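Everything below concerns the one structure shown next.
Residue numbers (our numbering), protein chains in the order written: chain A, 86 to 412; chain B, 17 to 322.
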């Protein structure tokens, strides 16, 4: 048995040294694969705040992921085609600048999360699961029928967006951007979980009555967590669209929402690094088994079944003796 | 817009709703009695459609195809219940979601492996092809009319089964207190397997019936599954009556919204924009309906108060 902190340091090491090693050996594909894993990790870390700490199972986080993708896609599309985004009441142009796109993405995802959260957090349990799923589907169908931005075909962005001082088309430089964002998000999460808000949220999952008895507003706690969670997942969507230079309705697909949950379960629910470990293993497995068989989802299905039925606490739970904070 | 067109669209919506009811009835029973959220219900729908298409092309008999679809889905449901689902009843919702998500992956890829990625086609039998003229001069496909009646009969049968038979009493009792039911000598695990297989059979039947209207392909079950979720959220989880009313509401909203919203917007927009905006909003209409119902009644129209 090893300590969770040591496992986390090991994972951090992997995140940093695998791409450097791949860079030395001139394997850009490995770097791209790692970038994909890192972006998924950001999405799952966001979801983990709602699902792991807050205890409400959102099966619709692809709504935020896709929205992030479309915010990036729409801004970049307007910029690359020299079409103004809004002409009235004020003139707004598209942009290719990553930091600006990120800020707008975070704001837009937070707004969407506030709307979805206000309606769906009225319910609990299985209703909440189905409603979040339904909202993500709503975004999916909306994006397929909105022909101004590609409809079912999606939007292609010819050149990756800019970051001041970096060449984002270079795999290792783009990876570094994503990795730094992941580290910032993890640092923020680590602080958040230990903050009064995080502790209250953790407690709200365990007992609603008690958290209300000590004077917290249960709904406000949950809604705040849901908004933060959606904003982080939205940001990862913008990065994912930038990685592929392509956005399509498939970023809203319910399978993706399911996969985000899978990352968390593989890694360990409610653990800071759980989603990161899960995303790394998932992307690695997808590449490994996907290379052998066209039907890799069958294997994923059986692995997942085994984890749910027999493994408790995911990989982190398997390797570390101490229970997750919430068990 | 003529009366005939409106009547046709209402019938289309009704037919869509009735098919959704076959899906959501099983889903809501399984949740109501066993407390299980079953994402793999859409896979059983897909299995029904595939088996029906395969049997129909091998034997040429549509009735045989329906029987085969129904039995294959019920069998698949019973096997899955005994081997996997049974272990999930006492787990939390997260485990149930994940395990049934895993089942979707296995079923979908398994079907792709057996039948390939190309869609199959299932034709309605010759005696159900063509159109009938309804009162008021409405021409409507005979097959779709048959679907509406068939679905209503099944709904009625299900209602009678639950309210009038001994088995129905056991099912309703199982919803309220499973320990008491088993203490009274009912074999509860057999009852659960039966309910699951019943739900699976209804889903498989729906898949086979709809398979003659749409193409039969991998992944056809999940969009319907998600609509069925919307239905049972609207109707109230566990209520078969709620599932029926919810299905028809969703079916009508979806079909009529797609036709009338673009027309509605064309009153104050140019045609291209109106079509665009109208169809975008129409695609969201059932989810908007769901939100309104939830804000008004958080446990659905016929759901029990928490």
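Cβ coordinates follow ideal geometry from the N, Cα and C atoms, glycine included. What you are looking at is a predicted structure, and each value in this text was computed from that prediction instead of being measured.
Between the stretch 53-63 of chain B and the stretch 213-231 of chain B there are three or more inter-stretch CB-CB distances shorter than 8 Å, so the stretches are counted as touching.
Of the residues A:307, A:162, A:177, A:102, the one whose Cα lies closest to the Cα of residue 264 (chain A) is A:102. With respect to residue 286 (chain A), residue 105 (chain A) sits apart: the two C-beta atoms are not nearer than 7 Å. Comparing alpha carbon positions, the residue from B:201, B:168, B:143 closest to residue 264 (chain B) is B:168. Inside the stretch 304-358 of chain A, DSSP marks whole alpha helix (DSSP H) runs of 4 or more residues at positions 339-352, from first to last along the chain. The beta-carbon of residue 389 (chain A) is placed less than 7 Å from the nearest beta-carbon of chain B. In this structure, residue 272 (chain A) lies away from residue 262 (chain A), with their beta-carbon atoms at least 7 Å apart. Assignment of residue 171 (chain A) by DSSP, reduced to helix, strand and coil, places it in the strand class.
Per DSSP, the continuous beta strand (DSSP E) segment holding residue 157 (chain B) begins and ends at 154-157.
Among the residues of the stretch 364-380 of chain A, those with a Cβ less than 9 Å away from any Cβ of chain B are 379, 380, in the order of the chain. The beta carbon of residue 103 (chain B) sits closer than 7 Å to some beta carbon of chain A.
Within the stretch 119-132 of chain B, 119, 120, 121, 122, 123, 124, 125, 126, 128, 129 place their CB atoms closer than 9 Å to a CB of chain A, listed in sequence order.
Using a Cβ-Cβ cut-off of 8 Å, residue 204 (chain A) is close to 307, 310, 311 of chain B, given in chain order. Here residue 181 (chain A) has 161, 164, 246, 247 as same chain residues with Cβ atoms under 6 Å from its own Cβ, once five neighbours each way along the sequence are excluded. Here residue 350 (chain A) has 363, 389, 392, 393, 399 as same chain residues with Cβ atoms under 8 Å from its own Cβ, once five neighbours each way along the sequence are excluded. Annotation for residue 147 (chain B): the continuous beta strand (DSSP E) segment containing it runs 147-150. For residue 232 (chain A), the closest Cβ of chain B is nearer than 7 Å. Contact annotation, residue 88 (chain B) with residue 67 (chain B): C-beta distance approximately 4 Å; criterion of less than 8 Å satisfied. Between the alpha carbons of residue 244 (chain B) and residue 32 (chain B) lies a gap of roughly 11 Å.
With its beta carbon less than 7 Å from one in chain B, residue 393 (chain A) belongs to the interface.
What residue 242 (chain B) touches in chain A, judged by beta-carbon distance under 8 Å, is 218, 219, 222, 339, going in chain order. Taking 7 Å as the threshold, the shortest C-beta distance from residue 285 (chain B) to chain A does not fall below it. Per the Cβ contact rule, the stretch 311-329 of chain A is in contact with the stretch 188-207 of chain A (3 or more Cβ pairs under 8 Å). Contact between residue 69 (chain B) and residue 159 (chain B) does not hold, since their C-beta atoms are separated by about 16 Å, which reaches or exceeds 8 Å.
Annotation: the continuous alpha helix (DSSP H) that includes residue 281 (chain A) extends over 281-291. When DSSP states are grouped into helix, strand and coil, residue 251 (chain A) belongs to the strand group. Counting along the chain, residue 37 (chain B) sits inside the alpha helix (DSSP H) bounded by residues 19-50. Relative to residue 148 (chain A), the option among A:383, A:380, A:341 whose CA is nearest is A:341.
In the DSSP annotation of this structure, the continuous segment of the alpha helix (DSSP H) that includes residue 271 (chain B) starts and ends at 256-281. Your pair residue 291 (chain A) and residue 141 (chain A) does not check out as a contact, with CB atoms roughly 13 Å apart and the cut at 8 Å. The beta carbon of residue 207 (chain A) falls within 7 Å of a beta carbon belonging to chain B, placing the residue at that interface. Between residue 187 (chain A) and residue 268 (chain A), the C-beta spacing is not below 7 Å. Under a criterion of Cβ atoms nearer than 8 Å, no residue of chain B is adjacent to residue 274 (chain A); the nearest Cβ is some 20 Å distant.
For the set B:309, B:285, B:313, B:128, the Cα lying nearest the Cα of residue 378 (chain A) is the one of B:128. Per DSSP, the continuous alpha helix (DSSP H) segment holding residue 111 (chain B) begins and ends at 109-131.
The beta carbon of residue 295 (chain B) falls within 7 Å of a beta carbon belonging to chain A, placing the residue at that interface.
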